[in-house]
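One structure below.
Quick look at the structure:
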């Protein structure tokens, strides 16, 4: 399996579109030509380079979207969808000092919440309330993620 150093440096905009490097400057344009968003070359959390293509592969062969998580710190990139953000909460859950039974229950709540708009708002509120009750530390450590996947109405009801 390749290590992080086996990849070229990549660049992608905040919406997840690949950006090309200018051959003469060696840098990407500051804005995405597809959507106009800021172009990133590293992780917003730790600064690790954005993974490009495997060295020895075809340069510029970006047949798939950029990775969703940093391969150094595990932080999500801005283009990560709801499912990915909930996975990040599950990753944070692994570090919580709670019983295995509570960890399993919270994990089940997060898994059910991946359904997004297909989960009725009242059910979402109840599931988030259960997460808050069983893993209050997760709600604190993951607050920056929680506020991106929970509606403002439910946030007010939960007091977050």
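Numbering (the working numbering), first residue to last: 22 to 181.
Positions of the beta carbon are idealized from the N, C-alpha and C atoms, including for glycine.
Please read all numbers here as calculations on a predicted model, not as lab measurements.
Using the C-alpha atoms, what's the distance from residue 130 back to residue 10? Only positions 22 to 181 of the chain appear in this structure, which leaves residue 10 out of reach.
Just mark residue 154 as buried or exposed, buried being the case when its beta carbon has 16 or more other beta carbons within 10 Å. Numbered from its first residue, the chain shown carries residue 154 at position 133. By the neighbour-count rule (16 or more Cβ atoms within 10 Å), residue 154 is not buried but exposed.
Grab me the residues of residue 152's own chain with a C-beta within less than 8 Å of its C-beta, minus the 5 sequence neighbours each way, in chain order. Sequence index remark: in the chain shown, residue 152 carries index 131 (1-based). Excluding positions up to five away in sequence, the list reads 127, 130, 131, 159, 160.
Can you look up residue 140 in the DSSP assignment and give me helix, strand or coil? For the purposes of this step, residue 140 is taken as the residue at position 119 of the chain shown. Residue state, collapsed to three classes: coil.
Where residue 73 and residue 123 are concerned, what is the direct C-alpha to C-alpha distance, given to the nearest angstrom? Taking the chain shown and counting its residues from 1, the one referred to as residue 73 is at position 52. Taking the chain shown and counting its residues from 1, the one referred to as residue 123 is at position 102. In a straight line, the C-alpha of residue 73 is about 39 Å away from that of residue 123.
DSSP on residue 135, reduced to helix/strand/coil? Sequence index remark: in the chain shown, residue 135 carries index 114 (1-based). Three-state DSSP puts residue 135 in coil, outside helix and strand.
Buried or exposed, going by whether 16 or more other CB atoms sit within 10 Å of the CB of residue 125? In the chain shown, the residue the question calls residue 125 occupies position 104. By the neighbour-count rule (16 or more Cβ atoms within 10 Å), residue 125 is not buried but exposed.
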